[in-house]
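These notes concern the structure reproduced below.
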Amino acid sequence: MRQPPLAVTMGEPAGIGGEIAVAAWQALRESGPAFFLIDDATRLRGAPIHRIQAPEQALAAFQAALPVLHRPLPQPAVPGRIDPANAPAVIAAIDEAVALARAGRAGGIVTNPIQKAALYAAGFAHPGHTEYLAEIAGTGRPPVMLLACPELRVVPVTIHEPLRQAIARLTPALIIETARLTAAGLRQDFGIAAPRLAIAGLNPHAGEEGTLGTEDRDIVAPAVAALRAEGIDARGPVPPDTMFTAKARPGYDVALGLYHDQALIPIKTLDMAGGVNVTLGLSIVRTSPDHGTALDIAGSGRADPGSLIAAIRLAAAIAANRRAAAT
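The following block contains the structure:
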């Protein structure tokens, strides 16, 4: 059965979402995967635009033009200049994409970057995309943010919070729950039958048996032991200064970092242009480029569409894996 097209959201209208979506269509128009954009069609430049009335029309239109579900913005988008008046349209595009995916009319969603400050000014009450999607498309369990590129997959156990707070919140239970969801996600979405998890240590050299801090001995090691007792192939605490080397990376399928930068610095160093943000544990497929709105270069023609292209391709692959597992 032919896979439904993917839904791509507009993201922050003053950012680079529209121009990288056009560039992604140019790169994928012949090979696919097919997608449609939920956006204000009047602001898009650089490609023929086909206004569709339903997602089902995107497949036939895709090779000749970028399919767009036209959703007018309240105010004209000016590159680099945020207008909170457009925030409701940004949120509405996410809501519509999720509804279409849940109904099976979109194969999954790919979210262009949002500018959270603009959404906060409009009353948005969530720390970011992931938390909002957990509310409207969750499964009752906390979602997991996974970043992927060809050389590495990483999961941060704690995400968008101050480092002092993140460390204080670390418990064996939090690590275990994150690892369980990660292993399940790798099986379901990536087709890895027996995922191998490497769990980073918190302190230098993973604490050196408590001489450089006791968190690795008291928090990380018990979590790893519990996971192994459940049959999950986990190892750690792994010294974080060596676990991301070219020699070490082939030894695991995903690395769990204990705080945001511990996980994200390695993958962004390896592949800033091609990294993809994947949300595990949702009822739908969701990926996103691993970068922000780039307000400083919006409208200049310098935005790199590589991460969005990778996100679209990965969303299609995950959707195919889920469909295969369901049959």
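1 is the number of the first residue of the sequence shown in full-length UniProt numbering; add one for each residue after it. For glycine and all other residues, C-beta sits at the position ideal for the given N, C-alpha and C. Since this is a predicted model, take the numbers as computed values, not measurements.
Please classify residue i as buried or exposed, where buried requires at least 16 other C-beta atoms within 10 Å of its C-beta.
i	result
H129	buried
E230	exposed
L133	buried
P143	buried
E209	exposed
A183	buried
D241	exposed
residue 329	Outside the shown range of the chain (1 to 327) lies residue 329, about which nothing can therefore be said.
I265	exposed
A60	exposed
P204	exposed
P305	buried
P127	exposed
Only counting the same chain, and skipping five residues up and downstream in sequence, which positions put a Cβ closer than 6 Å to that of residue i?
i	result
L119	A87
G17	M10, G11, N112
P172	I219, P222, A223
P289	S307, L308, A311
G301	none
I232	A183
I94	T9
E131	none
CA-CA distance, residue i and residue j?
i	j	result
A47	L258	43 Å
L314	V157	22 Å
T279	I109	11 Å
K247	L152	12 Å
R29	R169	46 Å
L295	I267	23 Å
L163	H260	8 Å
G104	A319	11 Å
I312	I192	20 Å
T327	G207	46 Å
E19	R45	7 Å
W25	F35	8 Å
T42	E161	38 Å
Q115	G140	26 Å
V22	D253	33 Å
Q262	R51	43 Å
Q165	T269	25 Å
A92	G251	42 Å
L100	P55	8 Å
R102	V8	14 Å
I167	V155	16 Å
H70	F190	33 Å
P13	I297	13 Å
T245	P4	38 Å
Using a Cβ-Cβ cut-off of 8 Å (strictly less than) and excluding sequence neighbours within five positions of residue i, which residues of its own chain qualify?
i	result
G32	F62, A316
A117	I82
Q75	D83, A85, N86
I176	A223, A226, L227
residue 329	Residue 329 lies beyond the stretch modelled for the chain, which goes from 1 to 327, so this question has no answer here.
Is the beta carbon of residue i less than 8 Å from the beta carbon of residue j?
i	j	result
M272	A255	no
P67	Q53	no
L6	A148	no
I136	V98	yes
L186	P195	yes
G15	T287	no
L146	A179	no
R322	Q188	yes
A303	V276	no
G80	G299	yes
A27	I49	no
By Cβ distance, which residues of its chain are closer than 7 Å to residue i, with the 5 residues on each side in sequence left out?
i	result
H291	P113, S307
P72	D40
R249	E151, L152
E96	I38
A325	Q188
L174	V157
I159	M145, H260
Inspect the CB distances between the stretch 212-220 and the stretch 277-285 and report whether three or more fall short of 8 Å. Contact annotation: the stretch 212-220 does not touch the stretch 277-285, with fewer than three C-beta pairs closer than 8 Å.
Determine contact between the stretch 234-241 and the stretch 185-204, defined as no fewer than three beta-carbon pairs at a distance below 8 Å. The stretch 234-241 vs the stretch 185-204: in contact.
Using 8 Å as the Cβ pair cut-off and three pairs as the minimum, do the stretch 87-102 and the stretch 121-128 touch? The count of Cβ pairs closer than 8 Å, one atom from the stretch 87-102 and one from the stretch 121-128, reaches three, so the stretches are in contact.
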